[in-house]
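Enquirer:
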Amino acid sequence: MFALLCLIVALALVFDFINGFHDSANAIATVVSTRVLPLSTAVIFAGVLNFAGAMMGTEVATTIGKGLVDAGSITLVTVLCTVISAIVWNLITWYKGLPTSSSHAMIGSLLGATYFSDSTGHDHIHWNVLVQKVIIPMVSSPVLGIAVGFAMMTGLIWVFHRMSPRRIGKVFGKLQIISAGFMAVTHGMNDAQKSMGIIALAIVLAYPQNEFTVPLWVKLSCAIAMGLGTMGGGKRIIHTMGSKIIRLQPIQGFAAETTASVIIGLASHIGIPVSTTQVISTAIMGVGATKRLSAVRWGIVGNIIWAWLLTLPLTFAFAGVMMTLMRAVF
2 MFALLCLIVA LALVFDFING FHDSANAIAT VVSTRVLPLS TAVIFAGVLN FAGAMMGTEV
62 ATTIGKGLVD AGSITLVTVL CTVISAIVWN LITWYKGLPT SSSHAMIGSL LGATYFSDST
122 GHDHIHWNVL VQKVIIPMVS SPVLGIAVGF AMMTGLIWVF HRMSPRRIGK VFGKLQIISA
182 GFMAVTHGMN DAQKSMGIIA LAIVLAYPQN EFTVPLWVKL SCAIAMGLGT MGGGKRIIHT
242 MGSKIIRLQP IQGFAAETTA SVIIGLASHI GIPVSTTQVI STAIMGVGAT KRLSAVRWGI
302 VGNIIWAWLL TLPLTFAFAG VMMTLMRAVF
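Under my numbering, think of the first position of the sequence shown as 2, with each following residue one higher.
Have a look at this one:
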């Protein structure tokens with residue numbers, strides 16, 4: 002059992018590293034594409050702040066670890082299938098350059114592995130929590146991203162319309178560093194906690210205890226893995242988010258990052274594991290739409306949306322197949 006627990010912890014940290022690598026674009030795509038910071042500086046900046054954000058709270062980790070499934074009815078093998086499935090999906094979408102949700106990959110995998118853990122697996126899933134903290138936010142957060150991004154950019158245009166474009170670029174080039182930092186912190190707050198929740202769940206299964214807690218060493222390990230992954234930087238996805246959706250200016254990057262940071266920060270505070278990728282991507286879409294609808298490259302957006310829609314069901318199915326095979330073997 003101890004060896005299996007160690008394997009799960011190691012793989013969860015690998016997932017966290019890949020998550021940081023895969024999602025580094027969430028924090029720095031706009032600041033790199035607007036040339037406010039060079040890529041090498043931006044990834045270090047974001048990695049450090051990802052680490053800081055990951056150490057702020059465990060609300061999302063608690064939702065993942067005990068809110069979505071009945072921990073007393075699953076095994077370490079269930080958690081192992083969860084982590085492997087999520088890693089595979091992240092690697093596939095990174096290779097394709099698609100900014101998909103690492104959060105939904107982990108959640109879909111956990112649900113699939115749990116559902117197929119035994120003949121009554123469907124009873125082990127807390128469906129009401131799934132609807133309240135995953136399905137509803139999955140639909141509402143992108144809508145909020147577009148709406149708030151559009152509103153914020155409209156407000157900035159109204160306030161600064163008399164300022165020269167050159168002056169606006171200089172002012173918001175500096176402000177965008179702050180907004181990118183805020184985005185990196187909130188990304189760490191939400192995304193690193195998913196791996197914390199999985200590791201804490203595995204610990205509870207291996208060594209039953211009365212209360213679900215996230216040990217300090219788990220928080221530190223996940224924060225470091227996320228930070229190092231972000232410093233690796235996923236250039237493919239940075240390019241997709243930073244320039245393929247729409248060509249951004251510093252003021253637009255500031256609006257998109259600020260919008261996403263506020264939404265993600267609030268979600269993290271109340272323990273909702275939102276997709277940081279969805280939020281920043283849709284905030285970029287909302288900001289870009291203020292220029293003109295045709296400024297947004299909707300063909301690229303369509304590919305991204307398809308990847309979003311498929312993440313939960315495909316990871317659910319893949320983890321389910323793995324769990325079924327594991328049951329047959331063991």
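Just so it is clear, CB atoms sit at the ideal spot from N, CA and C, and this is done for glycine as well. Since we're looking at a predicted model, the values are computed, not measured.
1) Rounded to whole angstroms, what is the Cα-Cα separation between ARG328 and CYS7?
2) Please state the DSSP three-state secondary structure of VAL70.
3) Can you tell which of ILE265, GLY66, VAL130, LEU249 has the C-alpha that lies nearest to the C-alpha of MET286?
4) Across the segment 142 to 162 and the segment 89 to 98, are there enough close Cβ pairs to call them in contact, namely three or more that are closer than 8 Å?
5) Under a three-way DSSP split, which group does ILE108 fall into?
6) What are the residues that DSSP puts in a beta bridge with ILE19?
7) Hey, quick one: how far does the alpha helix (DSSP H) through ASP192 stretch, first residue to last?
8) Taking the Cβ atom as the reference point for each residue, do ILE199 and VAL84 lie within a distance shorter than 8 Å?
9) How many Å lie between SER103 and HIS188 at the Cα?
10) Quick check on the DSSP output: the alpha helix (DSSP H) that includes ASN51 runs from which residue to which?
11) Out of PHE173, VAL44, MET153, which has the shortest C-alpha to C-alpha gap to THR291?
12) Say the cut is 7 Å; is the CB of ILE169 nearer than that to a heavy atom of the ligand FAD?
13) Does DSSP put ILE271 in a helix, in a strand, or in coil?
14) Under the three-state reduction of DSSP, which class applies to ILE85: helix, strand or coil?
15) Label ASN211 either buried or exposed according to how many other C-beta atoms from any shown protein chain fall within 10 Å of its C-beta, with 16 as the threshold for buried.
16) Hey, GLY150 and ALA320: beta-carbon distance below 8 Å or not?
17) Taking the C-alpha atoms as reference points, what is the distance between ALA261 and VAL330?
18) Between the beta-carbon of PHE18 and the beta-carbon of LEU229, is there less than 8 Å?
19) Pop quiz: LEU5 and LEU81 are said to be a contact at Cβ under 8 Å. What is the actual Cβ separation, rounded to whole angstroms?
20) Given a cut-off of 8 Å, decide if VAL186 and LEU50 are closer than it, judged by their beta-carbon atoms.
21) Pull up the distance between the alpha-carbon of GLY243 and that of ILE147, whole angstroms please.
22) Comparing C-alpha positions only, which one of ALA106, ALA72, VAL322, ILE65 sits nearest to PRO209?
23) Let me know the secondary structure DSSP gives GLY243 once reduced to three states.
24) Taking the alpha helix (DSSP H) that PRO143 falls in, what are its first and last residues?
25) Below 8 Å between beta carbons: does that hold for ALA201 and PHE213?
26) Going by the CB atoms, is the gap between ASN191 and GLU265 shorter than 8 Å?
27) In the DSSP assignment, find the alpha helix (DSSP H) that holds LYS134 and state where it starts and stops.
28) Take the Cβ of THR64 as the centre, count every other Cβ of all protein chains shown within 10 Å, and call the residue buried at 16 or more, exposed below.
29) Taking only three categories from DSSP, how would you classify ILE126?
30) Determine whether the beta carbon atoms of PHE173 and PHE255 lie at a separation below 8 Å.
31) Taking ILE9 as the reference, which of LEU38, ILE88, ASN129, HIS125 has the closest Cα?
32) Assign SER20 to one of two classes, buried (16 or more other C-beta atoms within 10 Å of its C-beta) or exposed (fewer than that).
Expert: Concretely, from the data shown:
1) 20 Å
2) strand
3) LEU249
4) no
5) helix
6) ILE19 pairs with nothing; no bridge assigned.
7) 166 to 207
8) yes
9) 11 Å
10) 40 to 55
11) MET153
12) You won't find the ligand FAD in this model; it holds no ligand whatsoever.
13) coil
14) helix
15) exposed
16) no
17) 44 Å
18) yes
19) 7 Å
20) yes
21) With a pLDDT of 47 at GLY243, under the threshold of 50, the modelled position of this residue cannot be trusted, and the question is left open.
22) ALA72
23) In this prediction, GLY243 scores a pLDDT of 47, lower than 50, which makes its location untrustworthy; no coordinate-derived value is stated.
24) 137 to 161
25) yes
26) Before going on, a small fix: residue 265 reads as Ile here, not Glu. Yes.
27) Segment: none, LYS134 is in no alpha helix (DSSP H) and carries neither H nor E.
28) buried
29) strand
30) yes
31) ILE88
32) The question names Ser, but residue 20 is Asn in the sequence shown. Buried is the call here.
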